[in-house]
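Novice: Residue numbers (our numbering): 15 to 158.
Ideal placement from N, C-alpha and C gives every residue a C-beta, glycine not left out.
The structure that follows is given in the form of structure tokens.
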């Protein structure tokens, strides 16, 4: 697995197509969630790409404070199904956190993944809420 972090302007057309394809494959088809993926925020984000043989199999986007939430954040965290039992998701979160020096990081986690994110130091705060029809929980990592 090779990891790359790129600004929107550095992504090739093929990479953008692969990112949207992976996000659609998992969030729309696999999770049966109809939502507006193109939200105008990709241009503000840094993009974390996990590639295997030049195919994007893991992806997330990182935001500076104020670009998504008041706090720094990462999201659209996604791993191709065939790579989930290989700790690729953990590697992806570690790669995001390595590239974020912020003291407080907020994520909107799908609620069934609370223990996954807790294993990286995140703590749930507040009530569960629906985002695009899927239960989510606000989680925070506070590095002091």
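Residue 52 bridges to which residues according to DSSP?
Specialist: Position 38 of the chain shown holds residue 52. Beta-bridge pairing links residue 52 to no other residue.
Novice: In chain order, what are the residue ranges of uninterrupted alpha helix (DSSP H) at least 4 long that sit wholly in the segment 99-129?
Specialist: DSSP runs (the alpha helix (DSSP H)) wholly in the segment 99-129: 102-112.
Novice: Kindly identify the DSSP beta-bridge partner or partners of residue 153.
Specialist: For the purposes of this step, residue 153 is identified with residue 139 of the chain shown, where counting begins at 1. Answer by DSSP bridge pairing, in chain order: 121 and 138.
Novice: Exposed or buried, what is residue 62 when buried is set at 16 or more other beta-carbons lying within 10 Å of its beta-carbon?
Specialist: Within the chain shown, residue 62 is the residue found at index 48, counting from 1. By the neighbour-count rule (16 or more Cβ atoms within 10 Å), residue 62 is buried.
Novice: Tell me, to the nearest whole angstrom, how far the beta carbon of residue 110 is from that of residue 83; I am working on the premise that it is less than 8 angstroms.
Specialist: As a first step, residue 110 is located in the chain shown; it is residue number 96 there, counting from the start. As a first step, residue 83 is located in the chain shown; it is residue number 69 there, counting from the start. In fact, because the Cβ distance is near 14 angstroms, the residues do not count as touching under 8 angstroms.
Novice: Please report the Cβ distance between residue 40 and residue 71, rounded to the nearest whole angstrom; I am assuming they are in contact, meaning their Cβ atoms lie under 8 angstroms.
Specialist: Along the chain shown, read from residue 1 onward, the residue named residue 40 stands at position 26. Along the chain shown, read from residue 1 onward, the residue named residue 71 stands at position 57. Contact doesn't hold; Cβ gap of about 11 angstroms is too wide.
Novice: Within a Cβ cutoff of 6 angstroms, which residues of the same chain sit near residue 139, ignoring the five residues on either side of it in sequence?
Specialist: Your numbering for residue 139 matches position 125 in the chain shown. Contacts found: 152 and 154.
Novice: Within its chain, find whatever has a CB closer than 8 angstroms to the CB of residue 113; leave out the 5 residues flanking it on each side and keep chain order.
Specialist: Mapped onto the chain shown, residue 113 falls at position 99. Cβ within range, chain order: 19, 60, 62 and 76.
Novice: So what's residue 158 in DSSP terms, helix, strand or just coil?
Specialist: What you label residue 158 is simply residue 144 of the chain shown in a count that begins at 1. Coil at residue 158, not helix or strand.
Novice: From the DSSP output, in three-state form, read off residue 83 for me.
Specialist: What you label residue 83 is simply residue 69 of the chain shown in a count that begins at 1. It is coil, neither helix nor strand.
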